[in-house]
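Data block below; observations after.
In the numbering used here, the protein residues as written are 19 to 199.
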């Protein structure tokens with residue numbers, strides 16, 4: 019999401035003038051879920067999160083959709099929120115919502131505690147992936163609040179609500195969005 023451009027189009031991420039790609043983290047090739055963001059949310063970089071002790075990353079909340087279907091870039095997908103992971107990425111709070119598409123065959127029967135049963139190793143792989151994904155770029159491993167434990171849907175919904183309030187403040191110019199348009 020190009021937050022510094024009007025209407026925030028979806029574009030290839032660029033860092034230091036070069037196209038940015040995520041490195042392969044053995045044994046994975048690229049992202050291990052459908053990766054996206056929740057609209058109308060914002061992790062405020064001037065707000066210190068009480069849980070992580072860090073400020074927001076100046077982006078919408080990220081979503082890891084764990085359904086069985088591979089989605090295309092820019093696709094809008096209605097999801098069922100399962101839980102959340104509290105990542106601290108280069109000293110910034112970077113919440114990761116874990117969700118499943120409502121049209122996935124497993125959506126009705128799966129909750130965050132069921133993921134280990136229905137998709138063994140997926141949550142552990144998610145934590146490992148987020149811990150290591152910047153290491154190939156020469157950066158240190160990321161860390162997590164709650165020792166990398168996933169919090170449940172109710173907790174995740176509260177995070178979504180609070181970041182929606184930060185987004186509303188940004189929209190109404192009650193928060194400094196810096197270069198965000």
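From the three backbone atoms N, C-alpha and C, an ideal C-beta is built for every residue, glycine too.
Distance CB(residue i)-CB(residue j) smaller than 8 Å
{"i": "residue 106", "j": "residue 116", "result": "no"}
{"i": "residue 99", "j": "residue 174", "result": "yes"}
{"i": "residue 73", "j": "residue 108", "result": "no"}
{"i": "residue 79", "j": "residue 181", "result": "yes"}
{"i": "residue 17", "j": "residue 141", "result": "The requested residue 17 does not occur in the structure, where the chain is confined to residues 19 to 199."}
{"i": "residue 130", "j": "residue 171", "result": "yes"}
{"i": "residue 183", "j": "residue 112", "result": "no"}
{"i": "residue 199", "j": "residue 24", "result": "yes"}
Per-residue DSSP class, three states only, for residue i
{"i": "residue 107", "result": "strand"}
{"i": "residue 127", "result": "coil"}
{"i": "residue 116", "result": "strand"}
{"i": "residue 74", "result": "strand"}
{"i": "residue 89", "result": "coil"}
{"i": "residue 163", "result": "helix"}
{"i": "residue 142", "result": "helix"}
{"i": "residue 132", "result": "helix"}
{"i": "residue 100", "result": "strand"}
{"i": "residue 66", "result": "strand"}
{"i": "residue 83", "result": "strand"}
Cβ neighbours of residue i in the same chain (closer than 6 Å, five flanking residues each side left out)
{"i": "residue 63", "result": "73, 74, 76"}
{"i": "residue 195", "result": "188"}
{"i": "residue 27", "result": "20"}
{"i": "residue 154", "result": "41"}
Same chain, Cβ closer than 7 Å to residue i, neighbours up to 5 away in sequence not counted
{"i": "residue 150", "result": "43, 159"}
{"i": "residue 69", "result": "104, 163"}
{"i": "residue 32", "result": "38"}
{"i": "residue 161", "result": "106"}
{"i": "residue 29", "result": "20"}
Cβ distance (whole Å) where residue i is taken to contact residue j below 8 Å
{"i": "residue 143", "j": "residue 50", "result": "6 Å"}
{"i": "residue 85", "j": "residue 122", "result": "4 Å"}
{"i": "residue 88", "j": "residue 55", "result": "Not really, about 18 Å apart at Cβ, beyond 8 Å."}
{"i": "residue 178", "j": "residue 59", "result": "6 Å"}
Proximal residues to residue i (C-beta, below 8 Å), its chain only, five neighbours per side dropped
{"i": "residue 46", "result": "143, 147"}
{"i": "residue 127", "result": "136"}
{"i": "residue 157", "result": "108"}
Inset, instruction - Give, in chain order, every unbroken run of the beta strand (DSSP E) that is at least 3 residues long and sits entirely within the segment 28-55. - result: For the segment 28-55, whole beta strand (DSSP E) runs of length 3 or above, ordered along the chain, are 52-55.
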